[in-house]
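Protein chains in written order, with my numbering: chain R, 1044 to 1597; chain E, 7 to 337. Here a beta-carbon is modelled for each residue, glycine too, at the ideal position from N, C-alpha and C.
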């Protein structure tokens, strides 16, 4: 008859209590968030200030502390979709290959004749040789620079694709090598973006690859997408170049192998520099903000052994000469070398405030992006707008909840009350699961919750309506309730599986906010089926056992 | 007897096929009208689908659309749309407008200079103006988003029909799909007619409608299948009426609770998701209607194989294909 095993009851009640426990932190959102931040900060820095300790103690550490993540549209922040210009790397690879090939081909000038590089599309190296009859030999030499590529589709591919046409030999990266290069470029870009964003220390940024050559960046709490772009878009190419002279004329023609670069802080001052740097930022291992001997903001840096050796050799040979610290083709400062710097560390000082010094250190540490990024999509949501949406969503959810409850109780009396209790647990479980799996709640996600409130009672309605029908024919109320649950089952399963299919498609194909909607919808379906089938049933059985009604009214 | 709110009387014997020419006719007309409106008006695509930039402005001073327009005129941004946003949740000194700029040249979303220029020009008109959100989508991405959206809707229709086909019979799957297309098409028609902004979240709403409507349809089908096994000799048309009547109070109740919750969100949820919520609310109304009036009519028209347990093709009763027209004359 109508009964539920003892262990099943304990399990159902246990799940409900766990739901309550894990949903609880969300009711004290600000306090728990402060607690989590304080714990993380104390762990990171090892310093415990009274404020941090107070924030930490604001929430007992033995209680769960996972919170529902708020999406960008609720918390405010910036969203960027960048496309990495992977083809730029092909070009630089070819440009780097050319001097080597020139040397190798020139060595056999007698057989293959004079060589010259001719105009070709970007990423393609075209070489014209003087003696086309000996093309085979030239190809052989070039092939020496190609290496085997191992890909998933099989070995045997070469890194260079070489073709000949008349006297012209064209070299470019093979498709397999391009694919590998693309992958490496994206990985590197991801890493650099991640480091730069992490350095400014915002909460839980999302940085992930999307498709073949795109990077999605979401940073909550940042002022605007433009600010974020500035942070990740700056290339921070640092070089140390010998100074040839200075000029006040921006149009001055520098000599061969020389470049002209403006000064950052002095208008109308331009430096003429040697084009090839002594050391570049790639040899940098560390950079941090500091103060110089006058107490002014500066950046201390350290070279790796290669950089230290080159820098040491140069400074000892050029005491008394100026050299320029160049960042993104602008001269930050051009100090005079007073003594040989062989320790491998140095200091950049110039006109900057502490914020700028900090930024510069971040950029130097992170290094340069391997290729440019163009931004295909950008969104900025102000924190107030997000807060307004959260507030409006809360009110709407509360009103919706009350209205649904009223409708249920008016329609089904005592059983409506049971359904209401189940709906309450449903909400708790939904928030508990969202918190534990670290899902992100978005504005459409709130709509998903409200929709769940409305639809969650569907399973109950199916059961109750069925019980009503069965009461007309079945022998006794217990049997009617039993049959009601039994026969409503197939409709409940079908109805919820179809909704799950939709949610899965939304999750796979959707992005950002839509994905958040799919997540809440999916979890909502699972929890509502659980609460409707098990919780209301348990409540019904418990009531039934206590009062043993001869007849019931649903 | 305790008081019970009964949205639907205990026993109903409504003949849902009685007005089927009218209901089916209205549905057909609405679908055709939606197609016509979609072609004539087109959808008012948001930037997700056609690229461009939207800037939300907020100010303590009243919005002066003409002044905004005049300020942006010299910037030569091409097509600029400025609309004032009204919402019951706004305070007295909260005046919100939405500025939409069409996509500029190139694949990039927008240049920081353009945004700075627009913000600067608007600040000249109204110094207290703030910009709570700036969103920009490049033409490259918007093209892909359209594609993804179409895939999403098609994939959901295909997946649902396969599921229904596996769980029921192919006739049911056809009925379900026809009613889903009906719901999606008419909702899109309403969006085209009133030029409500159509963006990514609207697609999510359309899929939700698909999910809800199929939910309703499945409950009716489920009962129909049960009745088909219970009453082997009764005509399909009667069984359908019986099934719908039996499930009617559940259908109305669930739609009722869902609508109540959604209306709360529609009124109180703020303007940012109003389009989304509107689409779902409308879709649930139309979805409830279609599972009563569209899905099963199609199934009736196609007929159902009724000889699962005794495969006797000679038995005329078990092999009868009932057409809705035949049924209507009898009634």
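At which residues does the alpha helix (DSSP H) containing residue 282/E begin and terminate?
-> Here residue 282/E refers to the residue found at position 276 when the second chain is read from its first residue. In the DSSP assignment, residue 282/E falls within the unbroken alpha helix (DSSP H) covering 280-299.
From 1055/R, 1103/R and 1318/R, residue whose alpha carbon lies closest to that of residue 1077/R | On the first chain, residue 1077/R is found 34 positions in, with the first residue counted as 1. From the listed residues 1055/R, 1103/R and 1318/R, the smallest Cα separation to residue 1077/R is found for 1103/R.
How many angstroms separate the CA atom of residue 1505/R from the CA atom of residue 256/E?
-> As a working mapping, residue 1505/R is identified with position 462 in the first chain. As a working mapping, residue 256/E is identified with position 250 in the second chain. So the two alpha carbons sit approximately 6 Å from each other.
Can you find a C-beta in chain E that's less than 8 Å from the C-beta of residue 1474/R?
-> Against the first chain, residue 1474/R aligns to sequence position 431. Residue 1474/R is outside the set of residues whose beta carbon lies under 8 Å from a beta carbon in chain E.
Is any beta-carbon of chain R found at less than 8 Å from that of residue 11/E?
-> For the purposes of this step, residue 11/E is taken as residue 5 along the second chain, with counting starting at 1. With a threshold of 8 Å between beta carbons, residue 11/E makes contact with chain R.
From residue 316/E to residue 233/E, what distance separates their C-alpha atoms?
-> Within the second chain, numbered from 1, the residue matching residue 316/E stands at position 310. Within the second chain, numbered from 1, the residue matching residue 233/E stands at position 227. With a pLDDT of 48 at residue 316/E, under the threshold of 50, the predicted position of this residue should be treated as unreliable, though the coordinate-derived value follows. Pairing residue 316/E with residue 233/E, the inter-Cα distance amounts to about 17 Å.
In terms of residue numbering, what span does the alpha helix (DSSP H) encompassing residue 57/E cover?
-> Here residue 57/E refers to the residue found at position 51 of the second chain. Per DSSP, residue 57/E lies in no alpha helix (DSSP H) segment and is marked neither H nor E.
Give the straight-line distance between the Cα atoms of residue 98/E and residue 1432/R, rounded to the nearest whole angstrom.
-> Counting from 1 along the second chain, the entry for residue 98/E is found at position 92. Counting from 1 along the first chain, the entry for residue 1432/R is found at position 389. Cα to Cα, the separation comes out at about 17 Å.
Buried or exposed: where does residue 1141/R fall if 16 or more other Cβ atoms within 10 Å of its Cβ makes it buried?
-> Sequence index remark: in the first chain, residue 1141/R carries index 98 (1-based). Around the beta carbon of residue 1141/R, fewer than 16 other beta carbons lie within 10 angstroms, which makes this residue exposed.
Tell whether a beta-carbon distance below 8 Å holds between residue 1486/R and residue 1111/R.
-> Here residue 1486/R corresponds to residue number 443 of the first chain, with the count starting at 1. Here residue 1111/R corresponds to residue number 68 of the first chain, with the count starting at 1. Not in contact: residue 1486/R and residue 1111/R (Cβ atoms no closer than 8 Å).
DSSP-derived helix/strand/coil call for residue 1131/R = Counting from one through the first chain, the residue named residue 1131/R turns up at place 88. In this structure, residue 1131/R counts as helix in the three-state DSSP scheme.
Could you pull out every unbroken beta strand (DSSP E) segment of at least 3 residues lying fully inside the segment 1148-1232 of chain R, listed in chain order?
-> Entirely contained in the segment 1148-1232 of chain R, the beta strand (DSSP E) runs reaching 3 residues are, in chain order, 1158-1161, 1167-1172, 1191-1194, 1197-1201, 1203-1208 and 1211-1216.
Minimum Cβ-Cβ distance from residue 1548/R to chain E less than 8 Å = Counted from its first residue, the first chain places residue 1548/R at position 505. With respect to chain E, the C-beta atom of residue 1548/R has a partner C-beta closer than 8 Å.
Identify, in the order they occur along the chain, each residue of the same chain with its Cβ nearer than 8 Å to the Cβ of residue 1048/R, setting aside the five sequence neighbours on each side.
-> Here residue 1048/R refers to the residue found at position 5 of the first chain. Answer for residue 1048/R: no residue qualifies.
Can you grab the Cα-Cα spacing for the pair residue 264/E / residue 1445/R, in whole Å?
-> Translated into the one-based positions of the second chain, residue 264/E becomes position 258. Translated into the one-based positions of the first chain, residue 1445/R becomes position 402. Approximately 12 Å, taken between the alpha carbons.
CA nearest to the CA of residue 16/E, picked from 298/E, 273/E and 254/E = Within the second chain, residue 16/E is the residue found at index 10, counting from 1. Looking at the Cα atoms, 254/E is the closest of the given residues.
Along the beta strand (DSSP E) that carries residue 101/E, what are the first and last residues, could you check?
-> Taking the second chain and counting its residues from 1, one reaches residue 101/E at position 95. Looking at the DSSP string, the run of the beta strand (DSSP E) that includes residue 101/E is 101-108.
Return helix, strand or coil for residue 1390/R, following the three-state DSSP convention.
-> For the purposes of this step, residue 1390/R is taken as the residue at position 347 of the first chain. DSSP places residue 1390/R in strand when its eight states are reduced to three.
So residue 1079/R is in the alpha helix (DSSP H); what residue range does that whole segment cover?
-> Taking the first chain and counting its residues from 1, one reaches residue 1079/R at position 36. Segment 1072-1088, the alpha helix (DSSP H) holding residue 1079/R.
With 16 other Cβ atoms within 10 Å as the buried cut-off, status of residue 1527/R | Taking the first residue of the first chain as 1, we reach residue 1527/R at position 484. Classification for residue 1527/R: buried.
Considering only the beta carbon of each residue, do residue 301/E and residue 185/E sit closer than 8 Å?
-> If you number the second chain from 1, residue 301/E lands on position 295. If you number the second chain from 1, residue 185/E lands on position 179. A distance below 8 Å separates the beta carbons of residue 301/E and residue 185/E.
Measure the alpha-carbon distance for residue 82/E versus residue 73/E and round it to whole angstroms.
-> Residue numbering aside, residue 82/E sits at position 76 when the second chain is read from its first letter. Residue numbering aside, residue 73/E sits at position 67 when the second chain is read from its first letter. Put simply, the backbone Cα of residue 82/E is about 16 Å away from that of residue 73/E.
Determine which residues share a DSSP beta bridge with residue 1344/R and list them.
-> Counting from one through the first chain, the residue named residue 1344/R turns up at place 301. When beta bridges are read from the DSSP output, residue 1344/R appears opposite 1330/R and 1389/R.
In chain order, what residues of the same chain lie with their CB nearer than 7 Å to the CB of residue 1460/R, ignoring the 5 residues before and after it?
-> As a first step, residue 1460/R is located in the first chain; it is residue number 417 there, counting from the start. Excluding sequence neighbours, residue 1460/R sits near 1452.
Can you find a CB in chain E that lies within less than 8 Å of the CB of residue 1274/R?
-> In the first chain, residue 1274/R corresponds to position 231, counting from 1. Not an interface residue.
For residue 235/E, which three-state DSSP category applies?
-> Counting from 1 along the second chain, the entry for residue 235/E is found at position 229. Note: residue 235/E maps to helix in three-state DSSP.
Taking 8 Å as the CB-CB limit, is residue 1063/R close to chain E?
-> Translated into positions along the first chain, residue 1063/R becomes position 20. Contact with chain E is absent for residue 1063/R, since none of that chain's Cβ atoms lies less than 8 Å from the residue's Cβ.
Is there at least one Cβ from chain R nearer than 8 Å to residue 316/E's Cβ?
-> Here the question's residue 316/E lines up with position 310 in the second chain. For residue 316/E, the predicted structure reports a pLDDT of 48, less than 50, and the residue's modelled location is therefore unreliable. A value from the coordinates is still provided. Residue 316/E is outside the set of residues whose beta carbon lies under 8 Å from a beta carbon in chain R.
For the beta strand (DSSP E) holding residue 1261/R, just list the boundary residues, first then last.
-> Against the first chain, residue 1261/R aligns to sequence position 218. For residue 1261/R, the enclosing beta strand (DSSP E) begins and ends at 1257-1263.
Note down, one range per segment and in chain order, each alpha helix (DSSP H) of at least 4 residues found wholly within the segment 1416-1502 of chain R.
-> Qualifying alpha helix (DSSP H) stretches, in chain order: 1426-1455 and 1457-1479.
Residue 223/E by DSSP, collapsed to three states: which one?
-> As a position in the second chain, residue 223/E is number 217, starting the count at 1. Under the three-state reduction of DSSP output, residue 223/E falls in the helix class.
Would residue 1353/R count as contacting chain E if we go by Cβ distances under 8 Å?
-> Here residue 1353/R is taken as the residue at index 310 of the first chain, counted from 1. For residue 1353/R, the nearest beta carbon of chain E is not closer than 8 Å to its own beta carbon.
What's the gap between the Cα of residue 1286/R and the Cα of residue 1380/R?
-> Here residue 1286/R refers to the residue found at position 243 of the first chain. Here residue 1380/R refers to the residue found at position 337 of the first chain. Taking the straight line joining both Cα atoms gives about 11 Å.
On the DSSP bridge assignment, give the partners of residue 1126/R in chain order.
-> Your numbering for residue 1126/R matches position 83 in the first chain. Looking at the DSSP assignment, residue 1126/R forms a beta bridge with 1257/R and 1417/R.
At what residues does the alpha helix (DSSP H) containing residue 361/E begin and finish?
-> This structure gives no information on residue 361/E, because the portion of chain E shown stretches from 7 to 337.
Is the segment 1127-1141 of chain R touching the segment 1411-1423 of chain R, taking contact as three or more C-beta pairs under 8 Å?
-> Counting Cβ pairs under 8 Å, three or more are found: they touch.
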